[in-house]
Amino acid sequence: MDLNADLGEGFGRWELGDDEALLDVVTSANVACGFHAGDAATMRRTCELAARQGVAVGAQVGYRDLAGFGRRFIEYELDQLRDEIIYQVGALQALAAAEGARVRYLKPHGALYHATAHIDAIVEAAQATGLPVLCAPGSPLATAAGDAVVPVYAEGFADRAYRADATLLPRSKPGAVITDQEEVVARALLMAVDQRVIALDGTVLPHAVDSICLHGDTPGAVALARAVREALQYADVPLRPFLF
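Residue numbers 55 to 298, in my numbering, belong to the letters of the sequence shown in order.
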């Protein structure tokens, strides 16, 4: 099983999360590409640390929305959004190469992750850059990417609540982000070992995933990530990047 986290989300003098500590835990790093978070120096530093730790690097792309952290839907012409995603990937590829690393995959961030209106732009950008997509299993994005013969890898969220239709409960709703360590660990084990997830209403859903996401900005993120890694290792679940 792969463990991924959204990293490199600081900007200038503003820091978010403990990237260095998380890179001791995760096996893949979704590096913010400067539009919703991150800047050139942060991107390069994150790639340097990831390369040193043997952690795979992915492009975490989003809307041009630093103020809203990419969590607000933005209207776009599809061609413009496609090109802005390609632009973000290209910037990360150059900075990763400077540190001897390679960008392995593309993952939409925040509102873009859920925006069905902009799926075509994401898929076309993935085709143009030759990168597979990391997204939710069975999602419209996964279906569209598969139809376009873009490789798809599936991820689940140990620290986010699911609805009965296997979609994430919006962050605006109470209980959307899970911070209780025992619960996060139990959910990660259920995904990794049984390929299932339990929805808020108690429904047990099939949830076959290649990677488990642990958000770097969740309260107590490092302790949660360490607890998940230790539990998976104790359960004899091999931990490795899904792409390297």
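Every residue, glycine too, gets a C-beta built ideally from N, C-alpha and C. Treat the numbers as computed from the prediction; the structure is a model and nothing was measured.
Residue i versus residue j - alpha carbon distance
{"i": "Gly112", "j": "Thr257", "result": "32 Å"}
{"i": "Ala277", "j": "Gly62", "result": "18 Å"}
{"i": "Gly192", "j": "Tyr207", "result": "11 Å"}
{"i": "Arg214", "j": "Leu222", "result": "7 Å"}
{"i": "Ala190", "j": "His261", "result": "9 Å"}
{"i": "Asp271", "j": "Arg294", "result": "22 Å"}
{"i": "Thr170", "j": "Asp201", "result": "15 Å"}
{"i": "Cys101", "j": "Asn84", "result": "10 Å"}
{"i": "Gly71", "j": "Asp219", "result": "31 Å"}
{"i": "Leu268", "j": "Gln134", "result": "30 Å"}
{"i": "Ser226", "j": "Gly124", "result": "14 Å"}
{"i": "Arg106", "j": "Asp78", "result": "10 Å"}
{"i": "Gly92", "j": "Ser265", "result": "23 Å"}
{"i": "Gln181", "j": "Gly154", "result": "24 Å"}
{"i": "Gly274", "j": "Thr96", "result": "21 Å"}
{"i": "His172", "j": "Ala198", "result": "11 Å"}
{"i": "Leu259", "j": "Glu236", "result": "20 Å"}
{"i": "Leu243", "j": "Asp60", "result": "20 Å"}
{"i": "Ala285", "j": "Ala148", "result": "36 Å"}
{"i": "Phe127", "j": "Ile252", "result": "27 Å"}
{"i": "Arg250", "j": "Gly64", "result": "33 Å"}
{"i": "Ala86", "j": "Ala150", "result": "12 Å"}
{"i": "Ala319", "j": "Gly229", "result": "Here the chain comprises residues numbered 55 to 298, so residue 319 is not present and cannot be evaluated."}
{"i": "Arg283", "j": "Leu297", "result": "18 Å"}
{"i": "Ala104", "j": "Leu132", "result": "32 Å"}
{"i": "Arg158", "j": "Ala110", "result": "7 Å"}
{"i": "Arg98", "j": "Val204", "result": "27 Å"}
{"i": "Gly108", "j": "His90", "result": "26 Å"}
{"i": "Pro194", "j": "His168", "result": "9 Å"}
Environment of residue i [buried if 16+ CB atoms lie within 10 Å]
{"i": "Leu57", "result": "buried"}
{"i": "Gly184", "result": "exposed"}
{"i": "Asp53", "result": "As shown, the chain starts at 55 and ends at 298. That puts residue 53 outside it, with no answer to give."}
{"i": "Gln287", "result": "exposed"}
{"i": "Thr233", "result": "exposed"}
{"i": "Val80", "result": "buried"}
{"i": "Pro186", "result": "buried"}
{"i": "Val115", "result": "buried"}
{"i": "Gly88", "result": "buried"}
{"i": "Ala18", "result": "No statement about residue 18 is possible, as the shown extent of the chain runs from 55 to 298 and does not include it."}
{"i": "Leu254", "result": "exposed"}
{"i": "Gly210", "result": "buried"}
{"i": "Arg314", "result": "Nothing about residue 314 can be read from this structure; the chain reaches only from 55 to 298."}
{"i": "Ala289", "result": "exposed"}
{"i": "Ala212", "result": "buried"}
{"i": "Ala152", "result": "exposed"}
Cross-strand partners of residue i (DSSP beta bridge)
{"i": "Val157", "result": "Val111"}
{"i": "Val291", "result": "Val291 is not bridged to any residue."}
{"i": "Ser82", "result": "Asn58, Ala110"}
{"i": "Phe65", "result": "Trp68"}
Beta carbon proximity, residue i to chain D, threshold 7 Å
{"i": "Asn58", "result": "The structure shown contains no chain D, having only a single protein chain."}
Near the ligand HEM: residue i beta-carbon under 6 Å from a heavy atom
{"i": "Lys227", "result": "Within the structure as shown, the ligand HEM is missing, as the structure has no ligands at all."}
Three or more C-beta pairs closer than 8 Å, one from the stretch 133-140 and one from the stretch 160-177: is that the case here? Touching, yes.
In chain order, which beta strand (DSSP E) runs of at least 3 residues are fully inside the stretch 228-270? Fully enclosed beta strand (DSSP E) runs of 3 or longer: 250-252, 258-260, 265-267.
So, does the stretch 113-129 touch the stretch 156-168, judging by three or more C-beta pairs under 8 Å? Enough Cβ pairs lie closer than 8 Å, so yes.
Which whole runs of the alpha helix (DSSP H) in the stretch 186-224 are 4 residues long or more, in chain order? Those alpha helix (DSSP H) runs which fall completely within the stretch 186-224 and span 4+ residues are 194-201.
At 4 residues or longer, and completely inside the stretch 137-184: list those alpha helix (DSSP H) runs for me, N to C. Taking only runs of at least 4 residues, the alpha helix (DSSP H) segments lying wholly in the stretch 137-184 are 164-168, 173-183.
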